[in-house]
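Everything on this sheet refers to the single structure shown next.
Protein chains: 2
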Amino acid sequence: TLAASDGDDDVDMTAGKSIYMVSDGTGWTVEHAVGAALGQFEHCLVDRGCAVNTHLFSGIDDLERLMEIIKQAAKEGAMVVYTLADPSMAESAKQACNIWGVPNIDMLGPITQSIASHLNVSPSGGPRKYPLTDEYFRRIEAIEFTIKQDDGALPQNLHKADIVLAGVSRTGKTPLSIYLSQKGYKVANVPIVMGVPLPETLFEIDPEKVFGLTINPLVLQTIRRARAKSLGFSEGMRSNYSEMDHVREELEYARRILARNPVWPIIEVTGKAIEETAAVVLRLYHDRKHKCSMPRISKRY
Amino acid sequence: TLAASDGDDDVDMTAGKSIYMVSDGTGWTVEHAVGAALGQFEHCLVDRGCAVNTHLFSGIDDLERLMEIIKQAAKEGAMVVYTLADPSMAESAKQACNIWGVPNIDMLGPITQSIASHLNVSPSGGPRKYPLTDEYFRRIEAIEFTIKQDDGALPQNLHKADIVLAGVSRTGKTPLSIYLSQKGYKVANVPIVMGVPLPETLFEIDPEKVFGLTINPLVLQTIRRARAKSLGFSEGMRSNYSEMDHVREELEYARRILARNPVWPIIEVTGKAIEETAAVVLRLYHDRKHKCSMPRISKRY
Ligand SMILES: Nc1ncnc2c1ncn2[C@@H]1O[C@H](COP(=O)(O)O)[C@@H](O)[C@H]1O
Ligand SMILES: Nc1ncnc2c1ncn2[C@@H]1O[C@H](COP(=O)(O)O)[C@@H](O)[C@H]1O
Ligand SMILES: [Mg+2]
Ligand SMILES: [Mg+2]
Numbered sequence: 215t216l217a218a219s220d221g222d223d224d225v226d227m228t229a230g231k232s233i234y235m236v237s238d239g240t241g242w243t244v245e246h247a248v249g250a251a252l253g254q255f256e257h258c259l260v261d262r263g264c265a266v267n268t269h270l271f272s273g274i275d276d277l278e279r280l281m282e283i284i285k286q287a288a289k290e291g292a293m294v295v296y297t298l299a300d301p302s303m304a305e306s307a308k309q310a311c312n313i314w315g316v317p318n319i320d321m322l323g324p325i326t327q328s329i330a331s332h333l334n335v336s337p338s339g340g341p342r343k344y345p346l347t348d349e350y351f352r353r354i355e356a357i358e359f360t361i362k363q364d365d366g367a368l369p370q371n372l373h374k375a376d377i378v379l380a381g382v383s384r385t386g387k388t389p390l391s392i393y394l395s396q397k398g399y400k401v402a403n404v405p406i407v408m409g410v411p412l413p414e415t416l417f418e419i420d421p422e423k424v425f426g427l428t429i430n431p432l433v434l435q436t437i438r439r440a441r442a443k444s445l446g447f448s449e450g451m452r453s454n455y456s457e458m459d460h461v462r463e464e465l466e467y468a469r470r471i472l473a474r475n476p477v478w479p480i481i482e483v484t485g486k487a488i489e490e491t492a493a494v495v496l497r498l499y500h501d502r503k504h505k506c507s508m509p510r511i512s513k514r515y
Numbered sequence: 215t216l217a218a219s220d221g222d223d224d225v226d227m228t229a230g231k232s233i234y235m236v237s238d239g240t241g242w243t244v245e246h247a248v249g250a251a252l253g254q255f256e257h258c259l260v261d262r263g264c265a266v267n268t269h270l271f272s273g274i275d276d277l278e279r280l281m282e283i284i285k286q287a288a289k290e291g292a293m294v295v296y297t298l299a300d301p302s303m304a305e306s307a308k309q310a311c312n313i314w315g316v317p318n319i320d321m322l323g324p325i326t327q328s329i330a331s332h333l334n335v336s337p338s339g340g341p342r343k344y345p346l347t348d349e350y351f352r353r354i355e356a357i358e359f360t361i362k363q364d365d366g367a368l369p370q371n372l373h374k375a376d377i378v379l380a381g382v383s384r385t386g387k388t389p390l391s392i393y394l395s396q397k398g399y400k401v402a403n404v405p406i407v408m409g410v411p412l413p414e415t416l417f418e419i420d421p422e423k424v425f426g427l428t429i430n431p432l433v434l435q436t437i438r439r440a441r442a443k444s445l446g447f448s449e450g451m452r453s454n455y456s457e458m459d460h461v462r463e464e465l466e467y468a469r470r471i472l473a474r475n476p477v478w479p480i481i482e483v484t485g486k487a488i489e490e491t492a493a494v495v496l497r498l499y500h501d502r503k504h505k506c507s508m509p510r511i512s513k514r515y
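Here's what the structure looks like:
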């Protein structure tokens, strides 16, 4: 089987332009930046007007391998995007690219230098190390908490959650919970199902941390139909789960439930990716905590 | 309760230097880049020699709010790091910052321009949209699959996984599985516990997708002690779980089990953050699939 996000490294990579991403660390920073920038070329990526292949080289902390990669980029006509903490490695990358005519861009140097002058402190130039701080371990704990609370499990723990998500089936509660947990929030999600009473605790906990999710009925029906098919539901079960009358009725039922507590914001998830819904939830979450004039998410390093 | 990663927005933010992060989208790209760059200042962040506060402003897609934020940054002596897809917004940000003497850096423009000339295509300049592509839905499916397979559940599904992780308790199997699933891989994890037989299916599936995790016994003992305490284990249970003889014996047991299949690589997780272990796993995973001369992770856009 192919892993979804990368199955593509089995396809023909000779067509299209290549982007080499090089890091002395994990490469996740450069991958994220290139992914965002490629968003600006969706109009031509979608119809394959321009095909782009990215190649991630992580853990590149010696000059020899760095030069090999740049040579290969030159051969392939690729561009190189890099994050290299050691300034002499970064300088070598730039020079080699320029000599061999390889378009190149440093994703770490400029921001590091800006921050250095802002703080008036020199960067370490040291190799990548994800520090295993208390915050790190709290994040791991948040992930484990969140998994255990999935799908309405352990309602007696709702008061321990930072954020509680409530919504009907297929509003994305599970992946959204997981995404938020990776950012360090303990999340619980509670499914709203007609005929199934909600846990009492949902109404007893701090309402400031509860968020309702809602979705357009047509879109929900489409998603549920696909899911019912993939789960191999029988005709009968399927109709109850994904037929329009039922979908509408269930969303209306959810609306009434959520309205019982007017403090809970209702978040519309239609057409939003998990990352986008997460941004909305966290914006509201932090605003409510701070009632700041300018909505922001603050963090101390 | 405070959300771990951000609880800090309750502390005194007047001390230290501020970094304003501004995006017309979710802000996750600029947050990631600033986080990586701050890694270069760990030496002075750790002992609070320099305190840094970050403030994330997401969904900033009108000039008025953008100017308000920059004005506030000027007042606070903050620097501004931004990702703004619309070139005229980016230009306004730069100009306003320069007029008000605010150090600033564009995290999207330079890479977008490099890619534009490499592809010979103009960037859309359009607002952020996470496209809900097939790949997106496969990622969501991978997350849901992975949660259901946690902690050895549903061994009959191991053949459906892209990656299977095996290791003793507290080697980070669960958070690592989740991290990989967000990248689109279907992951299953199987705990190795003395006296509990492993599922037969583990030995029947493609061995190229199985990875063993191991850890230094001293470090494992420390982690387990903390966990036993937080779970409120009784003295007796605790000693069996976290005492040194038991820990060593269990790791040795795991070593023998894992050695039964020499194709499975053993990954040392001691001192590594989940993100780092994930980089190691994926590097191996893609190398084995491609036997490339130069280890890389490739992807088509
Ligand atoms: N904590 C840190 N200490 C030193 N360098 C770091 C740290 N975090 C990130 N970096 C650097 O940031 C870049 C991106 O890291 P990565 O996302 O792991 O590829 C690499 O060049 C790393 O060397
Ligand atoms: N698919 C996309 N289409 C257009 N712009 C995008 C896309 N993905 C990312 N961007 C831009 O990339 C920057 C980072 O996005 P974000 O991580 O959501 O803050 C923002 O300025 C977005 O406008
Ligand atoms: Mg769910
Ligand atoms: Mg586990």
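Sequences listed follow chains A and B, in order. Quick note, the first sequence lines up with residues 215 to 515 if you use our numbering. Quick note, the second sequence lines up with residues 215 to 515 if you use our numbering. Each residue gets a CB set at the ideal place from its N, CA and C atoms; glycine is no exception.
- Considering only B/Glu358, B/Thr385, B/Ala247 and B/Gly386, the residue with the shortest C-alpha distance to B/Ala375 is B/Glu358.
- With 16 or more other Cβ atoms from the protein chains shown falling within 10 Å of its own Cβ, A/Ser237 counts as buried.
- Within the same chain, no residue comes within 6 Å of A/Met451 by CB-CB distance, once the 5 residues on both sides are set aside.
- For A/Arg352, no beta strand (DSSP E) encloses it; the enclosing alpha helix (DSSP H) starts and ends at Asp348 to Lys362.
- The C-alpha of B/Val410 lies about 22 Å from the C-alpha of B/Arg439.
- Between A/Ala299 and A/Pro345, the C-beta spacing is not below 8 Å.
- Ranked by how close their Cα comes to the Cα of A/Val382, the residues A/Lys285, A/Thr415, A/Leu277 and A/Leu465 have A/Leu465 in first place.
- Around the beta carbon of A/Gly239, a 10 Å sphere encloses 16 or more other beta carbons of the protein chains shown; the residue is thus reported as buried.
- Going by beta carbons, A/Leu472 and A/Gly426 fall inside the 8 Å limit.
- The nearest non-hydrogen atom of ligand 3 is less than 7 Å from the C-beta of A/Thr388.
- With respect to chain B, the C-beta atom of A/Trp242 has a partner C-beta closer than 8 Å.
- Nearest to B/Pro479 by C-alpha distance, out of B/Gly485, B/Tyr467 and B/Val495, is B/Val495.
- Contact between B/Phe255 and A/Val335 holds, with the beta-carbon distance rounding to 6 Å and staying under 8 Å.
- Of all residues in the stretch 255-271 of chain B, only Phe255, Glu256, His257, Cys258, Leu259, Val260, Gly263, Cys264, Ala265, Val266, Asn267, Thr268, His269, Leu270 and Phe271 come within less than 9 Å of chain A when Cβ atoms are compared, listed by chain position.
- Of all residues in the stretch 498-511 of chain A, only Tyr499, His500, Lys503, His504, Met508, Pro509, Arg510 and Ile511 place a beta-carbon less than 8 Å from a beta-carbon of chain B.
- Secondary-structure assignment with DSSP links A/Met293 through a beta bridge to A/Ile233.
- A/Ala250 is a Cβ neighbour of B/Thr243, given a cutoff of 8 Å.
- Taking 8 Å as the CB threshold, A/Lys289 stays off the interface with chain B.
- The Cβ atoms of B/Thr297 and B/Leu270 do not sit closer than 8 Å to each other.
- Assignment of A/Ser338 by DSSP, reduced to helix, strand and coil, places it in the coil class.
- Residue side-chain check: B/Asp348 keeps its Cβ at 7 Å or more from all non-hydrogen atoms of ligand 3.
- Taking 8 Å as the cut-off, the Cβ atoms of B/Gly230 and B/Val260 do not count as close.
- Cβ neighbours of B/Val378 within its own chain (closer than 8 Å, five residues either side excluded): Leu372, Val401, Ala402, Asn403, Val404, Leu416, Ile419, Lys423, Val424 and Phe425.
- Counting only residues of its own chain and dropping the five nearest sequence neighbours on each side, A/Cys258 has a CB closer than 6 Å to the CB of Cys264.
- Going by beta carbons, A/Tyr350 and A/Ala292 fall outside the 8 Å limit.
- If you check each beta-carbon in the stretch 372-385 of chain B against every beta-carbon of chain A, the ones closer than 9 Å belong to His373, Lys374, Ala375, Asp376 and Ile377.
- Taken through DSSP and simplified to helix, strand or coil, A/Lys486 comes out as coil.
- For B/Trp242, the distance from the CB to the nearest heavy atom of ligand 2 is below 7 Å.
- Contact between A/His500 and A/Ile488 is ruled out by a C-beta separation of about 18 Å, above the 8 Å threshold.
- C-alpha of A/Leu252 to C-alpha of B/Ile329: approximately 8 Å in a straight line.
- Close partners of B/Lys231 in chain A (Cβ separation under 8 Å): His332 and Leu333.
- Per DSSP, the continuous alpha helix (DSSP H) segment holding B/Arg462 begins and ends at Met458 to Ala473.
- Excluding the 5 residues flanking it on each side, A/Asp364 has same chain C-beta neighbours closer than 7 Å at Thr388, Ser391 and Asn403, in chain order.
- Residues of chain B whose Cβ lies closer than 7 Å to the Cβ of A/Gln286 are, in chain order, Met508.
- A distance criterion of 7 Å places the beta-carbon of B/Asp364 beyond contact range of ligand 3, judged by its closest non-hydrogen atom.
- In the DSSP assignment, A/Ile325 falls within the alpha helix (DSSP H) that extends over Gly323 to Leu333.
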